[in-house]
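**Student:**
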Amino acid sequence: MDKTALQRALDAHRHWLMGETGGARADLSGQDLRGASLWGSDLRQIILRGADLTEANLAQTDLTGADLFQARLDGADLRGTKLAMAELRGASFARAKLAGCDLTGQSFRRGLRFEGDGAPEAIAQNLSGADFTGAVLVGVDATGADLSGAIFVNALLDHANLSQADCQRADLSGARLSGTTLSNANLSHARLTGAQLDQTDFGGARLTDADLSGVDLTSSTLAGADLCGARLEEVLLPQKGEIELGLIQKTLERHLQWLANGAGTAADLSGMDLSGLDLSGANLAGANLAGAFLARTTLRGASLVLADLSGAVLNGADLRDTDLRGASLKQTDLTDARLSGARTGKAPLRDYQGRPTGQVVTTDFSDAQGLPATSPAAEEA
Numbered sequence: 018m019d020k021t022a023l024q025r026a027l028d029a030h031r032h033w034l035m036g037e038t039g040g041a042r043a044d045l046s047g048q049d050l051r052g053a054s055l056w057g058s059d060l061r062q063i064i065l066r067g068a069d070l071t072e073a074n075l076a077q078t079d080l081t082g083a084d085l086f087q088a089r090l091d092g093a094d095l096r097g098t099k100l101a102m103a104e105l106r107g108a109s110f111a112r113a114k115l116a117g118c119d120l121t122g123q124s125f126r127r128g129l130r131f132e133g134d135g136a137p138e139a140i141a142q143n144l145s146g147a148d149f150t151g152a153v154l155v156g157v158d159a160t161g162a163d164l165s166g167a168i169f170v171n172a173l174l175d176h177a178n179l180s181q182a183d184c185q186r187a188d189l190s191g192a193r194l195s196g197t198t199l200s201n202a203n204l205s206h207a208r209l210t211g212a213q214l215d216q217t218d219f220g221g222a223r224l225t226d227a228d229l230s231g232v233d234l235t236s237s238t239l240a241g242a243d244l245c246g247a248r249l250e251e252v253l254l255p256q257k258g259e260i261e262l263g264l265i266q267k268t269l270e271r272h273l274q275w276l277a278n279g280a281g282t283a284a285d286l287s288g289m290d291l292s293g294l295d296l297s298g299a300n301l302a303g304a305n306l307a308g309a310f311l312a313r314t315t316l317r318g319a320s321l322v323l324a325d326l327s328g329a330v331l332n333g334a335d336l337r338d339t340d341l342r343g344a345s346l347k348q349t350d351l352t353d354a355r356l357s358g359a360r361t362g363k364a365p366l367r368d369y370q371g372r373p374t375g376q377v378v379t380t381d382f383s384d385a386q387g388l389p390a391t392s393p394a395a396e397e398a
């Protein structure tokens with residue numbers, strides 16, 4: 018569409034918005050508006066269905082109530098743009114700049130594309146690489162959307178629905194995700210440092226190699242989530258039962274694959290609070306448990322046997338600076354395990370509600386194999 022025709026349509030639209038004679042609502046459906054400069058324009062209720070606005074400058078534009086159904090906005094500048102009540106279904110925002118936008122309550126759900134006489138094709142909303150820095154996305158429905166590589170730094174995503182969304186490599190650092198649903202979403206390699214995760218639902222989500230350093234997950238749901246390889250330094254985790262189901266089991270499964278054929282991932286449980294868990298019979302050979310809190314943990318029986326083992330296997334494991342006070346390591350294989358700085362000895366015994374009982378338990382290394390002669394564990398044994 019040439020600039021003269023575009024300006025004529027925009028002038029008529031402006032008169033229409035003001036209720037003046039000769040005005041007409043602009044209908045630019047399907048028009049080629051690539052690279053168009055519409056900065057700061059009043060485009061309320063404009064019709065842009067299927068229009069190509071790739072790389073267009075729409076910053077500070079008022080698109081309230083606009084119809085952008087299946088419009089292409091890849092790489093467009095939408096910083097500070099008003100999109101309240103706009104129709105955005107099927108629109109593509111790949112690499113778009115959406116910082117500071119107010120998208121409260123918008124829907125970016127997976128939609129349908131109709132091609133000729135064939136059956137409709139299900140397509141994910143394309144928001145890959147979009148920049149939502151500081152944007153307001155409260156209550157947004159982005160079920161199944163493509164948000165890979167998107168930037169949500171300091172964005173407000175309270176009560177948003179991102180279930181089944183592709184959030185690989187997304188940057189959610191500093192974002193507020195209170196009450197947000199991320200169930201079955203793919204968050205592998207995503208960054209969530211500093212994010213506020215109050216009652217966030219990660220059920221069944223893939224968080225492999227994600228960075229969750231320092232976040233508080235105590236009120237979040239992690240049932241069935243895959244956290245293998247995730248960075249969990251100084252993370253506050255939910256109740257132990259959920260950790261065991263949502264993290265430990267998957268970590269051990271991947272670890273066994275790694276031991277068997279190198280296809281899985283070596284277990285990294287460094288710095289985690291694993292106190293009270295029953296890891297008896299688990300094969301953690303070569304695992305990284307440095308700095309983990311393993312006080313009062315059972316590591317001797319066979320309740321979590323994932324291989325044919327007679328006792329827990331920790332040969333070659335990194336147990337430096339771990340807290341093993343009161344832990345049971347009967348019949349464990351500690352050959353070549355690194356135990357420097359590990360804490361052993363007595364630990365207060367608490368009841369199921371965490372209250373002290375007045376009794377103590379001591380680290381038990383009886384019949385353990387391969388204890389280094391100079392280790393605190395050897396001295397305790």
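Take the position in the sequence shown, starting the count at 1, then add 17; the result is the number in the working numbering.
From the three backbone atoms N, C-alpha and C, an ideal C-beta is built for every residue, glycine too.
Return yes when the C-beta of V155 is under 6 Å from any heavy atom of the ligand SAM, and no when it is not.
**Tutor:** For the structure depicted, the ligand SAM is absent and the ligand set is empty, with no information on it obtainable.
**Student:** In whole angstroms, what is the alpha-carbon distance linking D353 and L301?
**Tutor:** Counting from 1 along the sequence shown, the entry for residue 353 is found at position 336. Counting from 1 along the sequence shown, the entry for residue 301 is found at position 284. Each residue's Cα considered, the two are about 13 Å apart.
**Student:** Hey, quick one: how far does the alpha helix (DSSP H) through H206 stretch, first residue to last?
**Tutor:** As a first step, residue 206 must be located in the sequence shown, where it is residue number 189. Neither: H206 is in no alpha helix (DSSP H) and is coded neither H nor E.
**Student:** Look at N201 and Q185 and say whether their C-beta atoms are less than 7 Å apart.
**Tutor:** Locating residue 201 in the sequence shown gives position 184, counting from the first residue. Locating residue 185 in the sequence shown gives position 168, counting from the first residue. Result no, Cβ atoms of N201 and Q185 do not sit closer than 7 Å.
**Student:** Check the DSSP bridge columns for L198 and list the partner residues they point to.
**Tutor:** As a first step, residue 198 is located in the sequence shown; it is residue number 181 there, counting from the start. A small fix is needed here, since residue 198 is Thr in this sequence, not Leu. T198 is bridged to N178, D218.
**Student:** In whole angstroms, what is the alpha-carbon distance linking L336 and N178?
**Tutor:** Within the sequence shown, the letter at position 319 stands for residue 336. Within the sequence shown, the letter at position 161 stands for residue 178. The alpha-carbon atoms of L336 and N178 are separated by roughly 40 Å.
**Student:** According to the neighbour-count rule (16 or more other Cβ atoms, all chains shown, within 10 Å of its Cβ), is S54 buried or exposed?
**Tutor:** Taking the sequence shown and counting its residues from 1, the one referred to as residue 54 is at position 37. S54 is exposed by the Cβ-count criterion.
**Student:** Does the beta-carbon of M35 have 16 or more other beta-carbons within 10 angstroms, so that it is buried, or is it exposed?
**Tutor:** Within the sequence shown, residue 35 is the residue found at index 18, counting from 1. Classification for M35: exposed.
**Student:** Which runs of the alpha helix (DSSP H), 4 residues or longer, sit entirely within the stretch 144-173?
**Tutor:** None, since the stretch 144-173 contains no complete alpha helix (DSSP H) of that length.
**Student:** Please confirm whether L254 and A222 have their CB atoms less than 7 Å apart.
**Tutor:** Taking the first residue of the sequence shown as 1, we reach residue 254 at position 237. Taking the first residue of the sequence shown as 1, we reach residue 222 at position 205. No, these two residues do not count as a Cβ contact at 7 Å.
**Student:** If you draw a straight line from the alpha carbon of G308 to that of W56, how long is it in whole angstroms?
**Tutor:** For this step, residue 308 is matched to residue 291 along the sequence shown. For this step, residue 56 is matched to residue 39 along the sequence shown. Approximately 54 Å, taken between the alpha carbons.
**Student:** What residue from L214, F219, H32 has the CA that sits closest to D205's CA?
**Tutor:** Residue numbering aside, residue 205 sits at position 188 when the sequence shown is read from its first letter. The residue asked about is misnamed: residue 205 is Ser in this sequence, not Asp. Among L214, F219, H32, the Cα nearest to that of S205 belongs to F219.
**Student:** How would you write the range of the alpha helix (DSSP H) that Q266 sits in, first residue to last?
**Tutor:** In the sequence shown, the residue the question calls residue 266 occupies position 249. Here the alpha helix (DSSP H) through Q266 covers 266-278.
**Student:** Quick test of your reading: A108 and L95, contact by CB under 8 Å. State the CB separation rounded to the nearest angstrom.
**Tutor:** Taking the sequence shown and counting its residues from 1, the one referred to as residue 108 is at position 91. Taking the sequence shown and counting its residues from 1, the one referred to as residue 95 is at position 78. Actually they are not in contact, since the Cβ atoms of A108 and L95 sit about 11 Å apart, beyond 8 Å.
**Student:** Consider the Cβ of A167: report whether some Cβ of chain D lies at a distance smaller than 7 Å.
**Tutor:** Given the protein chain composition of this structure (a single chain), no chain D is represented.
**Student:** Could you give the residue range of the alpha helix (DSSP H) that holds P21?
**Tutor:** The residue given as residue 21 occupies position 4 in the sequence shown. Here residue 21 turns out to be Thr, not Pro, going by the sequence shown. First-last of the alpha helix (DSSP H) with T21: 20-34.
**Student:** What do you reckon, are the CB atoms on D148 and A116 nearer than 7 Å?
**Tutor:** Taking the sequence shown and counting its residues from 1, one reaches residue 148 at position 131. Taking the sequence shown and counting its residues from 1, one reaches residue 116 at position 99. Going by C-beta atoms, D148 is nearer than 7 Å to A116.
**Student:** Short of 7 Å in beta carbon distance, which residues of its chain neighbour D325, apart from the five on each side in sequence? Order them along the chain.
**Tutor:** One-based indexing of the sequence shown puts residue 325 at position 308. Low confidence applies here, because D325 scores a pLDDT of 24, under 50, leaving its location unreliable; read the following figure in that light. So no residue of the chain qualifies.
**Student:** Report the residue ranges of all beta strand (DSSP E) runs contained in full by the stretch 63-133; include only those spanning at least 3 residues, in chain order.
**Tutor:** Taking only runs of at least 3 residues, the beta strand (DSSP E) segments lying wholly in the stretch 63-133 are 128-130.
**Student:** Given a cut-off of 7 Å on the beta-carbon distance, is the pair L144 and F110 in contact?
**Tutor:** Position 127 of the sequence shown, counted from the start, is the residue given in the question as residue 144. Position 93 of the sequence shown, counted from the start, is the residue given in the question as residue 110. Cβ atoms of L144 and F110: closer than 7 Å.
**Student:** Taking the straight line between their C-alpha atoms, what separation do you get for S46 and L27?
**Tutor:** On the sequence shown, residue 46 is found 29 positions in, with the first residue counted as 1. On the sequence shown, residue 27 is found 10 positions in, with the first residue counted as 1. Rounded to the nearest angstrom, the two C-alpha atoms are 13 Å apart.
**Student:** State the DSSP-derived secondary structure class of E142, mapped to helix, strand or coil.
**Tutor:** Counting from one through the sequence shown, the residue named residue 142 turns up at place 125. Reading off the sequence shown, one finds Gln at residue 142, where the question assumed Glu. Coil, per DSSP.
**Student:** Note down the Cα distance separating F169 from T38, rounded to an integer number of angstroms.
**Tutor:** One-based indexing of the sequence shown puts residue 169 at position 152. One-based indexing of the sequence shown puts residue 38 at position 21. In a straight line, the C-alpha of F169 is about 44 Å away from that of T38.
**Student:** From the DSSP output, which residues share a beta bridge with S54?
**Tutor:** Taking the first residue of the sequence shown as 1, we reach residue 54 at position 37. Per DSSP, N74.
**Student:** Smallest Cα separation from T210: which of T225, S230, T197, D226?
**Tutor:** Reading the sequence shown from its first residue, position 193 is the one you call residue 210. Looking at the Cα atoms, S230 is the closest of the given residues.
**Student:** Just the C-alpha distance for Q274 and A283, rounded to the nearest angstrom, thanks.
**Tutor:** As a working note, residue 274 is residue 257 in the sequence shown. As a working note, residue 283 is residue 266 in the sequence shown. So the alpha carbons of these two residues sit roughly 9 Å apart.
**Student:** Bridge partners of T379, per DSSP?
**Tutor:** Mapped onto the sequence shown, residue 379 falls at position 362. In the DSSP output, where bridge partners are listed per residue, T379 has K363.
**Student:** Which one or two residues does DSSP pair with V330 in a beta bridge?
**Tutor:** Translated into positions along the sequence shown, residue 330 becomes position 313. DSSP lists N300, D350 as partners of V330.
**Student:** For R355, which beta-bridge partners are listed by DSSP?
**Tutor:** Position 338 of the sequence shown, counted from the first residue, corresponds to residue 355. In the DSSP output, where bridge partners are listed per residue, R355 has D335.
**Student:** Determine the DSSP secondary structure at Q386, reduced to helix, strand or coil.
**Tutor:** Within the sequence shown, residue 386 is the residue found at index 369, counting from 1. Here Q386 sits in strand by DSSP.
**Student:** Among F125, V252, D69, D340, which one has its Cα closest to the Cα of T361?
**Tutor:** Mapped onto the sequence shown, residue 361 falls at position 344. With distances taken between Cα atoms, T361 lies closest to D340.
**Student:** Please classify T268: is it buried, with 16 or more other beta-carbons within 10 angstroms of its beta-carbon, or exposed?
**Tutor:** As a position in the sequence shown, residue 268 is number 251, starting the count at 1. Under this definition T268 is a buried residue.
**Student:** How close, in whole Å, do the beta carbons of G92 and E72 come, if the pair is a contact with beta carbons under 8 Å?
**Tutor:** For this step, residue 92 is matched to residue 75 along the sequence shown. For this step, residue 72 is matched to residue 55 along the sequence shown. Their Cβ separation, rounded to whole angstroms, is 5 Å, which keeps G92 and E72 in contact under 8 Å.
**Student:** Going straight from the alpha carbon of L276 to that of A299, what length do you get?
**Tutor:** The residue labelled residue 276 in the question sits at position 259 within the sequence shown. The residue labelled residue 299 in the question sits at position 282 within the sequence shown. When rounded, the distance between both Cα atoms is 12 Å.
**Student:** So D233 and R208 are supposed to be a Cβ contact under 8 Å. How far apart are they, rounded?
**Tutor:** Your numbering for residue 233 matches position 216 in the sequence shown. Your numbering for residue 208 matches position 191 in the sequence shown. That pair is no contact at about 16 Å.
**Student:** Is the beta carbon of T225 closer than 7 Å to that of G246?
**Tutor:** Here residue 246 refers to the residue found at position 229 when the sequence shown is read from its first residue. Here residue 225 refers to the residue found at position 208 when the sequence shown is read from its first residue. Yes. Within cutoff.
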